[in-house]
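Inspection log for the structure reproduced underneath, given as C-alpha cells.
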Amino acid sequence: MNVSFKHIILVGALALSACSSKAPKGELSSSSNPQEEIASLSQDMNSARSENVDVLAHEDFKKADKALDQAKSDYSNNKDQEKIIDSLRFGRSYLKSATNTAGSRQGKAPGLFESRQNAMKAGATKYPELRKEWADVDEDVADVARELEKVSAKDLVKLQARYAALEQKAVIQTQLGDAKAKFNSATSDRGSKKAPQSYRKAEMSIKGAETVIASNVKNPAGYQKAVDTANTDANFLNEVMITIKQNDDIAEVAAVKMVRQNQQISGLKTNLTKTEQAVAGVKSELDNTNKTLEEKQKALEASGKEIQEKDNALTATEKNLTKAQSSVALQAAIEKSRSQFSSTEAEAYQQGGNLLIRLKSMNFANGKAELPAASMALLTKVSEVAKSLNAKEIKVEGHTDSIGASDLNKKLSEDRANAVATYLKTNGFDKTPIAAEGYGFEKPIATNKSKNGRAQNRRVDIIITPEGNATINQ
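Going by this note's numbering, 617 is the number at position 244 of the sequence shown; the sequence numbering is gapless.
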C-alpha cells in the first residue's frame, strides 16, 4: 500500500475517532442489574468478534471493549451503580455503531473474512504461540477496513493467505500439539541417542502428519489416519524414554520389549474390566430373573450358562494377567543379570522362563576337568546371579568339540559339568537341586570343521530357573 493512501486512512481514522468520542449513550435503565448487563454486553461483544466487527470497525469496537472493562472494574470495586450503568450505556452505543459500520464493509471482501472465520474456528486465537501473528494480521486488516474497495486484489489475497496459514497452524497444533510436546521432551532427554529407532519413527510420523494436514486442512477424514499414527508413535517414544530412565539407561531394545509387555498387560486389564462389567451385568439380570423364577425358568438357565462362561473368561484373563506381570518382572531381573558379564566372560540369554549363561572363559586344561584358579571369579559371578534370581533349580551342561573319541569326550564333558556343579553346591546352593550332564559333542553350536567353531563348541552352559518358573527338563 502506498504512503499517500496510508495517510488518507490515518486522517480518516482521526476524524472518526473525534466524532465517535461524542457518541450518545445507549438506552439502559438506571435500575438495571449491573451483573446481568455486564454478562449480556460481554456475550454480544463475543458474538461481534465472531462476525469480524473487531477488525471492520476497530476504533468503535475498541471503545466499546474499554467501556465494558471499566464497568467490570467498577463493579468489582463496588463503585456507584449509576457509574457502572453509564459505562455500559457507552459500551452499548459504541458496539451498535461498530456493528453498523462493519455491516456496510463486510461484503467488500467476503473471501478475506471467511478465511479469518475459518482460522478463528480452528483455534488460532487460543494458542499463545499464534497470538502475535494473529494480532499482526488483524492490525493490517483494521488499517484498510475503512476503504476495502480501494485495496488491490493482490493485497487482499495476501491478507487472506495469512489467515489461511494461521488456520493450518492451528489445526496442526490441535491435532499434533501433544505429540510434538512429547517428541520435544524426548529431544531434550537425548532421545535421538538413547532410543534412535523409536525417536526417528516418531519424528517421521509427525512430519508426515503435518504434510498431510497441510493438504487436507478442511478435511479431517483426510488427515485423521496420519494424525493417529503420529500420536501413537509419539506416545510409544515417550513410554520408551520413561522406561529407559527408570531402569538405569537400559538399551532401547530392552526398553521397547518392556513397553510392549506393559501394553499387553494394560490390554489384559482392560479386558478384565470389561469382563467384570459384563459379569456384573449378567448377575444383575440374573437377580431380576430370580424374582420371577417360575415364569422365566428358561431365561434363568440361559443366564446361568452365560455367567459360567463369563466367570471362566474372567479366570482365564486373571491368569494371563498374572503371567504377564511375572514375565515383565522376570525380564527386568534377567536384563540386569546379563549386564554382570563382560563379552569375553560369558553370554547370557533368556530361554523361556530361564536364564542360560554360556561360559566362554573357563579355560580348562587340555583333557582335564579341574577348575582353573582363573575361573573362580567368573563362577563367583554366576553364583551371585543365581542368588539374585532366587534360583529354584540349576542345571550344568558340559560340551566338547568333535576331536577325539566320542566316549572320552562325553566323559570329559560330564566331569567338567560335575566340577562346576560341585562348586555351586559348596558355595551357597547346598539346598538347591543342581543337575549336571555331559553331552560330549552331541550339541554343537558351531561347525567342528574350523578352529573357531571348535572353540565355541568347547563350553559349559548353566541354566538357572528362577523361583516360580517351570522345572528344567532333565
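Backbone N, C-alpha and C define an ideal beta-carbon position, used for all residues, glycine too.
C-alpha distance - residue i paired with residue j, whole-angstrom precision
i      : j      : result
Lys452 : Gly464 : 17 Å
Thr753 : Thr648 : 48 Å
Ile579 : Ser571 : 12 Å
Gly811 : Glu840 : 25 Å
Ser761 : Ala794 : 18 Å
Gly654 : Val590 : 44 Å
Ala497 : Glu512 : 15 Å
Asn782 : Gly771 : 10 Å
Ser588 : Pro407 : 49 Å
Ala471 : Val544 : 30 Å
Lys505 : Lys567 : 36 Å
Ser756 : Arg789 : 17 Å
Asp803 : Ala651 : 51 Å
Arg832 : Ala819 : 11 Å
Ala554 : Leu532 : 30 Å
Val769 : Ile730 : 10 Å
Ala475 : Asn425 : 8 Å
Glu855 : Phe609 : Nothing about residue 855 can be reported from this structure: the residues present for the chain run from 374 to 847 only.
Lys692 : Gln637 : 13 Å
Phe556 : Ala582 : 14 Å
Ile835 : Leu694 : 30 Å
Val629 : Val613 : 6 Å
Ser786 : Phe714 : 23 Å
Ser394 : Ser449 : With a pLDDT of 41 at Ser394, under the threshold of 50, the predicted position of this residue should be treated as unreliable, though the coordinate-derived value follows. Taking the straight line joining both Cα atoms gives about 25 Å.
Gly640 : Thr646 : 10 Å
Tyr596 : Glu410 : 44 Å
Gly915 : Lys709 : Limits of the chain in this structure are 374 at one end and 847 at the other, which puts residue 915 out of reach.
Glu502 : Glu540 : 13 Å
Gln479 : Glu400 : 26 Å
Ala412 : Val514 : 28 Å
Glu625 : Gln670 : 59 Å
Lys642 : Leu687 : 11 Å
Arg573 : Ala594 : 26 Å
8 Å Cβ shell around residue i - same chain, five flanking residues per side excluded
i      : result
Leu673 : Leu659, Thr662, Asn663, Leu666
Ala705 : Asn620, Met631
Ser403 : Gln454, Glu455, Ile458
Lys618 : Asp562
Gln634 : Ala697, Ser700, Val701, Gln704
Asn736 : Pro745, Ala747, Ser748
Supposed close pair residue i, residue j - CB separation, criterion 8 Å
i      : j      : result
Asp433 : Tyr467 : 5 Å
Leu751 : Ser734 : 6 Å
Val372 : Val524 : A question about residue 372 goes unanswered here, because the residues of the chain that appear run from 374 up to 847.
Asn791 : Ala809 : 5 Å
Ala575 : Asp528 : Ala575 to Asp528, Cβ: 41 Å. No contact.
Ala719 : Leu732 : 5 Å
Exposed unless 16 or more other CB atoms sit within 10 angstroms - verdict on residue i
i      : result
Lys542 : buried
Asp509 : exposed
Gly813 : buried
Asp315 : As shown, the chain starts at 374 and ends at 847. That puts residue 315 outside it, with no answer to give.
Asn763 : exposed
Asp601 : exposed
Pro397 : With a pLDDT of only 48 at Pro397, under 50, the local geometry of the prediction cannot be trusted, and the value read off the model is given with reservation. Burial call: exposed.
Ala738 : exposed
Asn685 : exposed
Asn611 : buried
Ala526 : exposed
Lys683 : buried
Gly725 : exposed
Gly564 : buried
Asn473 : exposed
Glu668 : exposed
Ser712 : exposed
Asn604 : buried
Thr560 : exposed
Ala675 : exposed
Thr717 : exposed
Thr848 : Here the chain comprises residues numbered 374 to 847, so residue 848 is not present and cannot be evaluated.
Other residues of its chain near residue i: CB distance less than 6 Å, five sequence neighbours each side excluded
i      : result
Gln723 : Ile707
Met374 : In this prediction, Met374 scores a pLDDT of 43, lower than 50, which makes its location untrustworthy; no coordinate-derived value is stated.
Gln548 : Val600
Lys481 : Leu521, Glu522
Ala495 : Glu540, Ala543, Val544
Chain-order list of residues whose beta-carbon lies under 7 Å from that of residue i (same chain, five-residue window excluded)
i      : result
Asn821 : Asp774, Ser775, Phe814, Arg827, Asn830
Ala437 : Met418, Gly464, Tyr467, Leu468, Ala471
Asp371 : This structure leaves residue 371 out entirely; the chain is present only between 374 and 847.
Gly484 : Gln533
query = Within the chosen definition, does the segment 488-498 reach the segment 525-537 through at least 3 CB pairs nearer than 8 Å?
reply = The segment 488-498 vs the segment 525-537: in contact.
The segment 456-463 contacting the segment 420-429, beta-carbon criterion three pairs below 8 Å | They do not touch, by the three-pair rule.
Practice prompt. Determine contact between the segment 784-798 and the segment 737-751, defined as no fewer than three beta-carbon pairs at a distance below 8 Å.
Written response: The answer is yes - the segment 737-751 touches the segment 784-798, with three or more Cβ pairs under 8 Å.
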